[in-house]
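Chains as they are written, first to last, in full-length UniProt numbering: chain A, 1 to 191; chain B, 1 to 191.
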DNA sequence: TGACCCATGTAAGCCGTTACATGATTGG
DNA sequence: CCAATCATGTAACGGCTTACATGGGTCA
């Protein structure tokens, strides 16, 4: 069983989900395509870690709602205390940033502007997820307690929001340097 | 030519390096093992994007110092303005954090403590890199200008430092919640 | 009317990791 | 004395991406 399999069990330990939902919701933690997830779910079912009920829908395709079994929970618990691998990051924009001095000033601004737009979207999504989580738990004021199954999701959304904000601050900082040093070539900055 | 190939060219556009150094220095931007990098360098050489000089050393293995060619620079410049792919993140600890409510309190603290230690190391390394960069550019006070080939490295180190600090703050925050809510079970927190 | 969302699955191929291979020097 | 660092390479395998496949409903 690979790491992604444990990740799927982790999501299912909070609540049942379809393969499609798992595919969407695991993205911020572990990027994976549906073509990888569906076969893994089949394997997890054969191992007795998950089970599913088929749901027939009108006007939408049928779906399988997966939930975790006792076997799956046991596997999860024995995986938790193991040493976690170092995070893997691969970021093409950072490679481009490394040789940013090769780019023309407006190209450079464009690259940073694109990243800013990307993380503005991310930030909006994470904020929506936080609102959704507060609805789901009914705790509009405080935070889900350590024993709540939503505790993990809560601390991860907070982390993601802070991360996106930092990314945006970095973009602003770089943009300022680009603007400052290019006072001579009087192009309007991009909107 | 895949993204990693362009990454290698990006590093070489600043200064020549050995395959070994490239392997080490590209890690924060794009995780890759030497077994992937050496064959790519051979391919880039066949394509005429890089060239190398063999250096025989006493008391150390021989090495190849690679540098970028005009062809390689042209390839880099045409790659720069292309839309960059979204960053890829795969973080096993976040999967564990998602189901942290399943863990025993001391297990949970241990997981977070390990991550804190990891990023304290990262932070120290990035700070050392910043000092090294200031030595290399001779600019102990200000920052390398937009036209300096070290500009990209500079903004990336600053970004990495801020990222590591944020990660550490998140760890502290989570630790506090774990400590607070476990007042009843009077275990000593880990050192 | 063309793109996007829901929803699941398979197959081919590239990307990335692990393991095999070698070997001298330095530091704990 | 064992581990780590420097330094380069190959081979096998598993993980991940891209493409193929299907098909109704919604929105601009």
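Even glycine gets a Cβ: it sits at the ideal position worked out from N, Cα and C.
Cβ closer than 8 Å: which chain B residues qualify as neighbours of residue i?
i, result
"residue 3(A)", "90, 92, 95"
"residue 107(A)", "80, 81"
With 8 Å set as the bound, which would you pick, yes or no: does the beta-carbon of residue i sit closer than that to a beta-carbon of chain A?
i, result
"residue 184(B)", "Bear in mind that the predicted position of residue 184(B) carries a pLDDT of just 47, short of 50, making it unreliable; the figure below should be weighed with that in mind. Cβ-Cβ to chain A under 8 Å: no for residue 184(B)."
"residue 164(B)", "no"
"residue 136(B)", "no"
"residue 102(B)", "yes"
"residue 239(B)", "Residue coverage of chain B in this structure runs from 1 to 191, which leaves residue 239(B) outside it and unanswerable."
"residue 7(B)", "yes"
"residue 16(B)", "no"
"residue 87(B)", "yes"
"residue 13(B)", "yes"
"residue 84(B)", "yes"
"residue 21(B)", "no"
Look at the alpha carbon of residue i and the alpha carbon of residue j, and state the distance between them as a whole number of angstroms.
i, j, result
"residue 89(B)", "residue 3(B)", "16 Å"
"residue 172(B)", "residue 35(B)", "37 Å"
"residue 5(A)", "residue 18(A)", "15 Å"
"residue 69(A)", "residue 48(A)", "7 Å"
"residue 77(B)", "residue 103(A)", "7 Å"
"residue 33(A)", "residue 23(A)", "7 Å"
"residue 101(A)", "residue 121(A)", "27 Å"
"residue 84(A)", "residue 110(B)", "11 Å"
"residue 187(B)", "residue 81(A)", "Residue confidence for residue 187(B) is low, a pLDDT of 46 falling below 50, so the modelled location carries little weight and cannot support an answer."
"residue 150(B)", "residue 147(A)", "48 Å"
"residue 50(B)", "residue 12(B)", "8 Å"
"residue 189(B)", "residue 178(B)", "With a pLDDT of 45 at residue 189(B), under the threshold of 50, the modelled position of this residue cannot be trusted, and the question is left open."
"residue 131(B)", "residue 40(A)", "46 Å"
"residue 99(A)", "residue 93(B)", "31 Å"
"residue 105(A)", "residue 167(A)", "20 Å"
"residue 118(B)", "residue 7(A)", "21 Å"
"residue 162(A)", "residue 126(A)", "10 Å"
"residue 170(A)", "residue 71(B)", "32 Å"
"residue 63(A)", "residue 44(A)", "17 Å"
"residue 174(B)", "residue 158(B)", "25 Å"
"residue 66(A)", "residue 21(A)", "10 Å"
"residue 153(A)", "residue 58(B)", "55 Å"
"residue 10(A)", "residue 73(A)", "9 Å"
"residue 136(B)", "residue 1(A)", "46 Å"
"residue 185(A)", "residue 143(B)", "Unreliable positioning characterises residue 185(A) in this predicted model, as indicated by a pLDDT of 48, which lies under 50. The coordinate reading is nonetheless provided below. Residue 185(A) and residue 143(B): Cα-Cα distance of roughly 21 Å."
"residue 95(A)", "residue 55(B)", "28 Å"
Using a Cβ cut-off of 7 Å, pull out every chain B residue sitting near residue i, in sequence order please.
i, result
"residue 132(A)", "Those do not exist, as residue 132(A) stays about 16 Å from chain B at its closest Cβ, beyond 7 Å."
"residue 59(A)", "By Cβ distance, chain B contributes nothing, its closest Cβ being about 32 Å from residue 59(A), past 7 Å."
Chain A partners of residue i, CB-CB under 9 Å?
i, result
"residue 72(B)", "What residue 72(B) touches in chain A: nothing, since even the nearest Cβ is about 11 Å away."
Let me know the secondary structure DSSP gives residue i once reduced to three states.
i, result
"residue 43(A)", "helix"
"residue 64(A)", "strand"
"residue 50(A)", "strand"
"residue 174(A)", "helix"
"residue 89(A)", "strand"
"residue 147(A)", "coil"
"residue 31(A)", "coil"
"residue 55(B)", "strand"
"residue 69(A)", "coil"
List, in chain order, every chain A residue whose beta-carbon is nearer than 7 Å to that of residue i.
i, result
"residue 155(B)", "97, 174"
"residue 151(B)", "100, 101"
"residue 177(B)", "146"
"residue 116(B)", "The premise fails here: residue 116(B) is roughly 13 Å from chain A at the closest Cβ pair, so nothing lies under 7 Å."
Report yes or no: is there a C-beta of chain B within less than 8 Å of the C-beta of residue i?
i, result
"residue 123(A)", "no"
"residue 50(A)", "no"
"residue 189(A)", "Only weak support exists for where residue 189(A) lies, its pLDDT of 45 falling under 50; the value from the coordinates is given anyway. Not an interface residue."
"residue 111(A)", "yes"
Mind listing the chain A neighbours of residue i? Cutoff is C-beta to C-beta under 8 Å, in chain order.
i, result
"residue 10(B)", "95, 96, 98, 99"
Any residues in the stretch 28 to 45 of chain B with a beta carbon nearer than 7 Å to a beta carbon of chain A? Which ones, in chain order? Against chain A - using a Cβ distance shorter than 7 Å - the residues of the stretch 28 to 45 of chain B are 29, 30, 31.
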